[in-house]
Structure formats: C-alpha cells, structure tokens
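Reviewing the structure listed below.
In the working numbering, the protein residues as written are 1 to 431.
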C-alpha cells in the first residue's frame, strides 16, 4: 500500500469512521442524558395533550416560580416556540407506536443529526467536514440529549443564503433557527454586519437610507407577527425570561465560574477550598456588573467585525469569536451553549482551508465536549470527582479564557487598518 492513501481510500476511511460513529449513536439511544431530557419530555407531553398554544403559555408562565422562586419541580421554561413544538412530534410518535418517549426523543435527535450532516455535505461536498461535524456533536446529541442539533439545518440554510448573497432568505432561515433556540441570536450582529455591509459606527446612519435595511426589517416584522399570531405573546415573555436567568454560571467553564470560587469562600461558611463548586444563583443586581463587563467586551468584538473587510470568511470568524465571548464572559451560560460556534467554525475551516482556522475548529469542538464531559460524562452522570485538592474545573475555566484571548487577538488583527493590497487579498475568493 502507498505511503499516501489515494483519494478513494481517504473517502472510504471517512465513510467507515462516520458509519462507526452513527452506530455509536444508536448504542447511546437508551442513555437518559442530562436532567434536561426529562424536562423536555414533560414539555412535549404537556404540549401534545393541552394544545401547543395553551401548553406553551403554561410552560412559560411557570418560569418565574421555577427559576426565581427556585421551585424546580414546576418545570417552567423559556425555550422558543418552534423548539418546544418540535417536542410534540416526540410525544405524538411515542404514543402512536406505544414506545418509550425517551427512545423516540433520542431517535428524533439522531434523525436531525443525520439531516444536518447531509446538509453540510450538500454545502461543502467534503466528507472530512461532515465527519468533523458528526464527531464534534455526538456527545451533546446522542449521549446527553440536548436539542441544539435542531437548529443546525436552519443555520446552515441561513449561512448558505448569505454566501450566495440572498439576504432575504438568510434572514428568514436565521429567524427560524432563533425560534428553535434563543442562543442562535448570538450570531445576529455579525450576520447583520455582513448583509448590510456596515463599516464602523460611522456607517450606521446610512442604514436608514438603505432599501435593503427596510426590506429585511419588514421580513423580521412579518415573522414576528406570524409567530405572535400562532403562539401568542408567550414567545416574547419567554425571550425576556431567557435574559433573566439567576445563574452566575450554569456549569460553563468561564470567568464567572472562576469568580464563583472566591465568592463562595467569602459567603458560604459551609464551602471549603477543596470542595466541588456548586452552581451559584444571584440576584439581578449582583449579576449586573458581570453583565456590564460582558457587554463592553461583546461591543468591542462587534466593532472589530465592523472595521474588518466584509467577507464571508470574516463573518464566520467573528461569529465564532462572538459565541466564545459570550461563553467566557457572560452570566447564565450553560455547558452546551458553545454548540452555537460549531457550524460557523466548520464552514470557516472549509471556506479557507487555512491551518489556523482548522485549529480553531478543533478548539471549539474541544471546548464544547470537554465542558460537557467534565460535568455530565457520556450519558448524563459525571464519571468521577472533580476535586484534586481543589475543583480542577477552575484550571479548565482559566484555559478556556486563554483560548478566548487568542481568538480575540486574531479578531483585533483582522480589524486593524490594512493597505489597499491587503484589502484586495481579503476580498478575494476563498476568504
């Protein structure tokens, strides 16, 4: 056999590896996943039996008592309406087949993963990229049962439309993705900058005279009106609630997680330096300074994108950086929220083929899966204690912050003043 495998052998290796990962997904179908899975199944059953509109209103109406009143048995929620509605499929199919709701739920997630993989193949025609996507999302989907995979087809459609310069379609598909999971909105500022070609803060007044601005706002207004007509104002109450979570960090390995360590030592006499860190719940006033700092850092990230050349690749890069900025600096970030960065990172690695962008894809996948694994193992339960004289997740959180800093520095480089020659290269195909 040749030292360098042929293209056919490379494709065969990718297909065989992908088949093995799909088989592993099937093996993981009976796994219970995180505690969220039980909540999702309850929501699906409630929506199926009470009706989508009234059931959704009831779920959203219990949010304050659940999260602010800390009565977790009420199972209130703030998920978007389409994301909740998709759970009705699980309840309906499970009842029709008289099958386990858990197995049907995990099977539905597997189908979404396969559909998402197929769409990535359609966009990239790259088996290694498809394989990277499936491997990066296997734990969060097949093992732990998060619903993030349901956003992927819509996000891919939105990004593909952006690359093809169809802004109306891009906004439509992006809005659909956001109505599955609110976290997708982290990508919105960077999508808007690319679609409207916003060049710095000085370029913002021009938008009021741009017909495209009003056209896209009309699409957003229409989607908002239709969503309200179908699901009621509960949609927007849910969105408001999603910004009010009382967690300092929802088991995300980030700076607020690091901050919880000295706060616990100062505030809680029962907490000792060698203990595992619990999740801290604070008042809105106590969280406000952290959120303010996050807002400043995110604004700097958005401004960097405004100053950079308006290329598809740069948009994808700043989408990844935006998600990492949110993940590292904001409050109430959960361990699965890094998922939002996976698709932009994949498409960026494919778009440019540059080693540093491939490395960034590996970094994003590692951050997502390490954060998930440390707290929830493979099937929903931690496999070991995190303490080694202290909670080792503090070290990991520090490394996550360093990773963010490295990507942020690259963003600042892209935003630095460039010569006409570099501008020409930046706008060339493949960027």
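Heads up, the beta-carbon is just placed ideally off N, CA and C, and yes, glycines get one too. All values derive from a computational prediction rather than experimental measurement.
Collapsing the DSSP output to three states places residue 250 in a strand.
Annotation for residue 180: 80, 82, 83, 86, 147, 150, 151, 154 place their beta carbon closer than 8 Å to its own, counting only its chain and skipping 5 residues before and after. Looking at the DSSP output, residue 228 shares a beta bridge with no other residue. Counting the other Cβ atoms within 10 Å of the Cβ of residue 353 gives fewer than 16, which makes it exposed. Distance from the Cα of residue 214 is smallest, within the candidate group 196, 230, 231, 225, for 196. Per DSSP, reduced to three states, the secondary structure at residue 387 is strand. Residue 272 sits exposed, since fewer than 16 C-beta atoms from the chains shown fall within 10 Å of its C-beta. For a cut-off of 8 Å, the C-beta gap from residue 414 to residue 314 is around 6 Å, short enough to register as a contact. Residue environment: residue 395 is assigned as exposed (fewer than 16 neighbouring CB atoms within 10 Å of its CB, all protein chains considered). Taking the Cα positions, residue 289 is about 12 Å away from residue 282. DSSP places residue 282 outside both helix and strand once states are collapsed to three, so it counts as coil. Of all alpha-carbon atoms in 127, 182, 374, 72, the one lying nearest the alpha-carbon of residue 323 is that of 182. Nearest to residue 346 by C-alpha distance, out of 370, 113, 99, 320, is 320.
Beta-bridge annotation (DSSP): residue 334 is paired with 250, 251. Taken atom to atom, the span from the alpha-carbon of residue 94 to that of residue 34 is near 20 Å.
The C-beta distance from residue 401 to residue 302 rounds to 20 Å, too long to meet the 8 Å contact threshold.
Between the region 19-36 and the region 94-108, the count of C-beta pairs closer than 8 Å reaches three or more; the two stretches touch.
Note on geometry: alpha-carbon atoms of residue 164 and residue 239 lie some 30 Å from one another. For residue 116, the enclosing alpha helix (DSSP H) starts and ends at 101-124. Taking a 10 Å sphere around the C-beta of residue 98, we find fewer than 16 other C-beta atoms and assign the residue as exposed.
Linking residue 206 to residue 158 through their CA atoms gives a straight-line distance of about 24 Å.
DSSP, read as helix, strand or coil, puts residue 170 in helix. Taking 8 Å as the cut-off, the Cβ atoms of residue 60 and residue 234 count as close. Residue state for residue 37 is assigned as helix, using DSSP reduced to three classes. Not a single unbroken stretch of the beta strand (DSSP E) spanning 3 or more residues falls wholly within the region 52-85.
In the three-state reduction of the DSSP assignment, residue 325 falls in the helix class. About 15 Å separates the beta carbon of residue 48 from that of residue 231, a gap too long to meet the 8 Å contact definition. Excluding five sequence positions before and after residue 39, the CB atoms of its chain that fall closer than 8 Å to its own CB belong to 75, 77, given in chain order.
Across the structure, residue 254 and residue 133 are spaced so that their CA atoms are roughly 24 Å apart.
Cβ neighbours of residue 199 within its own chain (closer than 8 Å, five residues either side excluded): 306, 307, 310. Taking all protein chains in view, the Cβ of residue 71 is surrounded by fewer than 16 other Cβ atoms within 10 Å, so the residue is classified as exposed.
Its chain contains 327, 367, 368 as the residues whose beta carbon lies nearer than 6 Å to that of residue 338, once the 5 sequence neighbours on both sides are disregarded; these appear in chain order. Here residue 296 is exposed: its Cβ has fewer than 16 other Cβ atoms, across all protein chains shown, within 10 Å. Of the candidates 398, 386, 139, the residue whose Cα lies closest to the Cα of residue 275 is 386. By the 16-neighbour rule on beta-carbons within 10 angstroms, residue 118 is exposed.
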